[in-house]
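Participant:
In full-length UniProt numbering, the protein residues as written are 1 to 356.
Shown next as structure tokens:
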């Protein structure tokens with residue numbers, strides 16, 4: 001057996017387990033015919049870029065990983081730029097209770113007056129002069145907890161990572177390597193091509209979902225009439241791509257589908273040699289054009305994802321009181337699951353997106 005990328009003979013020394021969808025974002029489907037060098041090279045390049053693009057949902061939705069790791073990242077508030085830590089499962093906390101501002105002031109986060117006094121006492125122990133006193137030197141502020149989530153649908157390295165997913169899934173589905181080997185230089189970054197496109201032609205089937213309904217899916221379809229071999233990739237039921245693996249396909253008509261949830265459970269996996277859906281003759285032309293309809297459909301997917309994302313960050317407060325008036329609910333309201341869902345549906349002003 002040889003490596004599908006470099007033709008190196010696979011041995012006990014260089015064999016490895018290659019995750020088709022990167023394990024860092026919850027992928028569980030694997031190959032064993034990628035050598036250690038290629039696996040490592042991709043893991044430190046395009047797979048890493050793909051993870052960085054979807055790091056927030058990977059952490060907030062706490063995706064399944066065979067190799068356990070405590071993923072967390074720093075995010076900054078939109079207005080003040082204060083650092084917060086986003087932990088697995090969506091818990092957000094201020095990076096430090098005491099921050100120094102650009103005006104050489106100290107910003108102290110506290111729960112009550114006793115907690116504030118304790119923190120001031122600790123600060124004063126380090127000071128020989130200019131002691132801090134609650135009565136005359138403190139100015140209250142409201143913590144800014146709005147964040148910017150920035151991602152791209154078209155970064156070159158992301159596209160290469162998506163192409164690698166489609167290439168590997170086709171071979172995992174017992175595809176014939178001669179139909180897709182021409183993609184290897186593109187995946188390796190030695191030449192450019194236009195074979196991967198965002199795929200937002202069909203709107204989502206619902207405008208709200210929770211983590212349990214979110215999945216990754218792969219779909220291979222081949223049609224020797226239109227002579228197209230394609231793969232569709234969907235990550236977090238939101239980032240959707242179509243890969244044109246071959247535009248002069250002359251093999252058998254095959255349809256394969258793989259779907260998994262974020263807990264690492266396979267929901268569907270099958271390959272059909274008959275009855276595969278016909279591929280539209282104009283699919284290529286449709287894919288290379290970005291229309292207002294495509295943008296609106298992308299917006300619908302992002303909106304649905306945003307609501308699920310917001311719910312995951314607020315569900316940890318179910319049973320607690322709202323500390324301030326918030327999205328129509330007065331301070332002191334006990335947060336229930338129903339209220340958490342309603343808040344997530346009203347969350348558009350609380351999480352900001354930039355799409356490139």
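Every residue gets a Cβ at the ideal spot worked out from N, C-alpha and C, and that includes glycine. Predicted model, so just to flag it, every value in this text is computed and none were measured.
#1: State the DSSP-derived secondary structure class of residue 236, mapped to helix, strand or coil.
#2: Could you please give the first and the last residue of the uninterrupted alpha helix (DSSP H) stretch that includes residue 178?
#3: Considering only DSSP beta bridges, list what residue 86 is partnered with.
#4: Measuring CA to CA, which of 305, 333, 31 and 38 is closest to residue 185?
#5: Throw me the rounded Cβ distance for the residue 258 and residue 169 pair, which I believe falls under 8 angstroms.
#6: So the candidates are 163, 62 and 171; which of them puts its Cα closest to the Cα of residue 183?
#7: To the nearest angstrom, report how far apart residue 160 and residue 188 are at their CA atoms.
#8: Pull up the CB-CB distance for residue 277 and residue 224, whole angstroms please, since I reckon it's below 8 angstroms.
#9: The beta strand (DSSP E) spanning residue 17 covers which residue range?
#10: Within the present structure, is the beta-carbon of residue 28 separated from the nearest heavy atom of the ligand FMN by less than 7 angstroms?
#11: Taking buried to mean at least 16 other C-beta atoms within 10 Å of its own C-beta, is residue 246 buried or exposed?
#12: Would you tell me roughly how many angstroms separate the C-alpha atoms of residue 177 and residue 166, rounded to the nearest one?
#13: Suppose you measure from the CA of residue 315 to the CA of residue 340; what does that come to, to the nearest Å?
#14: Under 8 angstroms, do residue 63 and residue 26 count as touching if we go by C-beta distance?
#15: Classify residue 195 as buried or exposed, calling it buried when 16 or more other Cβ atoms lie within 10 Å of its own Cβ.
#16: On the DSSP letters alone, give me the boundaries of the beta strand (DSSP E) that residue 215 sits inside.
#17: Give the straight-line distance between the Cα atoms of residue 279 and residue 59, rounded to the nearest whole angstrom.
#18: Between the C-alpha atoms of residue 8 and residue 16, what's the straight-line distance to the nearest angstrom?
#19: Short check: CB of residue 200 to CB of residue 297, under 8 angstroms?
Facilitator: So, from the listed chains and residues:
#1: Here residue 236 sits in coil by DSSP.
#2: Element bounds for residue 178: n/a, residue is neither H nor E.
#3: Under DSSP, the beta-bridge partners assigned to residue 86 are 73 and 92.
#4: 38
#5: 7 angstroms
#6: 163
#7: 8 angstroms
#8: Contact between residue 277 and residue 224 does not hold, since their C-beta atoms are separated by about 13 angstroms, which reaches or exceeds 8 angstroms.
#9: No beta strand (DSSP E) contains residue 17, which DSSP labels as neither H nor E.
#10: This structure lacks the ligand FMN; in fact it carries no ligand of any kind.
#11: buried
#12: 12 angstroms
#13: If I take the Cα positions, the gap works out to 6 angstroms.
#14: Taking 8 angstroms as the cut-off, the Cβ atoms of residue 63 and residue 26 count as close.
#15: buried
#16: 215 to 223
#17: 36 angstroms
#18: 13 angstroms
#19: yes
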